[in-house]
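Numbering of the sequence shown is given in my numbering, commencing with residue 12 and proceeding in unit increments. Backbone N, C-alpha and C define an ideal beta-carbon position, used for all residues, glycine too. The structure displayed is predicted, hence computed values, not measured ones. Let me begin by presenting the structure, written as structure tokens, before commenting on it.
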Amino acid sequence: MVRITIEREECTSCALCWETCPEVFEENPDDTLSQIVEEYRRGGDPAEGEVSDDMEDCVRDAAEGCPVEIIRLS
Ligand code: SF4
């Protein structure tokens, strides 16, 4: 499993993560910041997610592309 954390307060809403990996990331309709899609959230927190290893490439591409480097994987 791959755990994901988005430091949402630092997000610039550049859209790169949800364009790169829309299966996992999306724009929050209220604050326009990136969040984890509901299916993959942990504890109902839009900033915390967990996906299976077969989705790692997609998530990693998004994390590496984030211009402010606020998507963390573990
Ligand atoms: S790539 Fe980074 S800055 Fe851009 S929307 Fe996603 S989390 Fe926010």
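Give me the residue from the options with the minimum Cα distance to residue i.
i	options	result
C32	T23, Y51, E21, G55	Y51
M12	E38, C77, V62, A74	V62
S91	P40, I15, E67, E75	The structure shown does not extend to residue 91, since the chain is modelled only from 12 to 85, so the question has no answer here.
F36	S85, I15, V79	I15
E21	W29, M66, P78	P78
D42	E49, P57, E34	P57
Do you know offhand how far residue i's Cα is from residue j's?
i	j	result
E75	I17	13 angstroms
R19	I81	8 angstroms
V70	Q46	13 angstroms
D65	S85	14 angstroms
C28	R53	18 angstroms
D72	G55	24 angstroms
Does residue i pass the burial test, meaning 16 or more other C-beta atoms within 10 Å, or should it be called exposed?
i	result
G60	buried
A26	exposed
Give every residue whose Cβ lies closer than 7 angstroms to any heavy atom of the ligand SF4, listed in chain order. I17, C22, T23, S24, C25, A26, L27, C28, W29, F36, L44, S45, A73, G76, C77, P78, V79, I81, I82
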